[in-house]
Amino acid sequence: PQPTVASHVPFADLCSTLERIQRSKTRPEKVKHFKEFLDSWRRFHDALYKKAAGVADSFYPAMRLILPQLERERVAYGIKETMLAKLYIELLHLPKDGKDAQKLLNYRAPTGPRGDAGDFATVAYFVLKQRCPRQGCLTVQQVNDVLDSVASNNSAKRKDLVKKSLLQLITQSSALEQKWLIRMIIKDLKLGFSQQTVFSLFHRDATELYNVTTDLEKVCRQLHEPSVGLSDISIALF
Amino acid sequence: VGDGPQWGVFFKKAA
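These protein sequences, in sequence, are chains A and B. Just so you know, we're using the numbering used here here: the first sequence kicks off at 3 and counts up by one. Just so you know, we're using the numbering used here here: the second sequence kicks off at 496 and counts up by one.
Rendered as structure tokens:
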């Protein structure tokens, strides 16, 4: 099978983009960082497929990670903060009563001056920073593949396999990547950037098509070309 | 590293 765009894009590049969006104070800055990533993806797509007809590959593998709350293809992960905390404690061999284990388990408690109380992903980031690889090695496609197996093993009630998949993600990712992975799994990215904004930057007709179909994959595939609008594809639709 | 396009050429990492 032809390698997809997602199989070429390091997950780290998506995460650094999300980090920049989140850190930006102004809307134009946030927009700029998102557009840079999206435009690179589209240009790379053009170079990879050379405008071949009938290409199903699209921005979808990234979009479903950017808007995890709209995920429909994957069933629930069955994972919340407490389970992740226990998993990290086990994996990192943290003493159960030690400072870091307690930080993870009591992530809601107000802590220091960082103002990260209540945000498990940020608490985990500071615990993980000293303890995991500087650089991750996963691509966007690999992350989606592992999340697929987390979801399907969860629905098959194979907790051992869910854990195995999560370990795979954790051992191959940097602390920054894990912070974003956690947010994707919890399905709250905290970007300060609405779903509406993401859609409108992707394509002028994206919100409309999403409202009709609630199908993120279809939105990404059919509106891949910014110059091709809903009126052009509606003949095929209806 | 093959003959195909390289992602790194398309996406410039911010300094």
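Every residue gets a Cβ at the ideal spot worked out from N, C-alpha and C, and that includes glycine. Every value quoted in this text rests on a predicted model; they were computed, and no experiment measured them.
Asked                                                                                                                                                                                            : Found
Mind listing, in chain order, the continuous alpha helix (DSSP H) runs of no fewer than 4 residues lying wholly within the segment 24 to 112 of chain A?                                         : 29 to 51, 62 to 68, 83 to 93, 101 to 107
Could you please tell me which residues of the segment 162 to 191 of chain A, in chain order, have their CB closer than 8 Å to any CB of chain B?                                                : none
When Cβ atoms are compared, which residues of the segment 43 to 56 of chain A fall closer than 7 Å to chain B?                                                                                   : 45, 46, 49, 50
Buried or exposed: where does residue 194 of chain A fall if 16 or more other Cβ atoms within 10 Å of its Cβ makes it buried?                                                                    : exposed
Taking residue 82 of chain A as the reference, which of A/188, A/107, A/175, A/224 has the closest Cα?                                                                                           : A/188
Mapping DSSP to helix, strand and coil, what is residue 6 of chain A?                                                                                                                            : coil
For a contact defined as C-beta to C-beta under 7 Å, what are the partners of residue 15 of chain A on chain B?                                                                                  : 506
Exposed or buried, what is residue 233 of chain A when buried is set at 16 or more other beta-carbons lying within 10 Å of its beta-carbon?                                                      : exposed
Cutting at 6 Å between CB atoms, please list the residues of its own chain near residue 107 of chain A, excluding the five before and the five after it.                                         : 87
Can you list, in chain order, the residues of its chain whose CB lies under 8 Å from that of residue 220 of chain A, leaving out five sequence neighbours each side?                             : 211
Assess, as a yes-or-no matter, whether the segment 141 to 151 of chain A is touched by the segment 56 to 73 of chain A under the definition of 3 or more beta carbon pairs within less than 8 Å. : yes
Compare the C-beta of residue 39 of chain A with all C-beta atoms of chain B and state if any pair is closer than 8 Å.                                                                           : yes
Could you give the C-beta distance for residue 103 of chain A and residue 180 of chain A, rounded to a whole number, given that I count them as a contact under 8 Å?                             : That pair is no contact at about 16 Å.
State the Cα-Cα distance for the pair residue 56 of chain A and residue 12 of chain A, rounded to the nearest angstrom.                                                                          : 25 Å
So what's residue 216 of chain A in DSSP terms, helix, strand or just coil?                                                                                                                      : coil
Using 8 Å as the limit for Cβ to Cβ distance, is residue 10 of chain A near chain B?                                                                                                             : yes
Exposed or buried, residue 214 of chain A, counting other C-beta atoms within 10 Å across all chains shown (16 or more means buried)?                                                            : exposed
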